[in-house]
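K.L.:
Structure in structure tokens, see below.
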Amino acid sequence: MIIKEPKIIQLSKFGNSTLGYISLSENESLPFEVKRIYWTYFTPEDVERGGHCHIELQQIMIAMAGTITVKTEMPHGIKQIFILDNPSKGLLIPKLCWREMKYTHNAVQMCIASITYDERDYIRDYNEFKKLKSVHE
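Take the sequence shown: its letters are residues 229 to 365, numbered as in the working numbering.
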């Protein structure tokens, strides 16, 4: 599946308010095959993470705890802001999507990735990212 814009997706949710909930997704219900899962935590509130895009990687970001504010920008200039504050929803991020994240003090972010880690897949220079616009016009 080709993902063109970042968007919120709902993850399966089972349970109830008296016992709690379980959210899960199988490869069949995701837009890509999972190749890596990682998480970030204890990120100070005054730190902004991200500041990059990926050439091939697609991912789903989930706030397992706390709140994460994600600013996205696509090469054609569309900017959006997403608030992740519930582990039953994820932010689907396509390749070539610039992202910046801010976290509450208790936030835990889980990322589900379409490829294994590869430093060559990153564009970390915003000016290089902006050059992609001419390619996508």
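Glycine included, every Cβ here is placed at the ideal spot set by N, Cα and C.
Where Leu-366 and Thr-300 are concerned, what is the direct C-alpha to C-alpha distance, given to the nearest angstrom?
P.N.:
Absent from the model: residue 366. The displayed extent of the chain is 229 to 365, so no value can be given.
K.L.:
Is the segment 338-346 touching the segment 264-277, taking contact as three or more C-beta pairs under 8 Å?
P.N.:
yes
K.L.:
Going by Cα to Cα distance, which pick from Arg-348, Lys-330, Tyr-345, Arg-352 is closest to Glu-276?
P.N.:
Counting from one through the sequence shown, the residue named residue 276 turns up at place 48. Taking only the C-alpha atoms, the option nearest Glu-276 is Lys-330.
K.L.:
Between which two residues does the beta strand (DSSP E) harbouring Lys-232 extend?
P.N.:
Residue 232 sits at position 4 when you count from the first residue of the sequence shown. Counted as a single uninterrupted DSSP element, the stretch harbouring Lys-232 is not any beta strand (DSSP E), since DSSP gives it neither H nor E.
K.L.:
Grab me the residues of Lys-359's own chain with a C-beta within less than 6 Å of its C-beta, minus the 5 sequence neighbours each way, in chain order.
P.N.:
Start at 1 with the first residue of the sequence shown, and residue 359 comes out as number 131. Same-chain partners within the cutoff: there are none.
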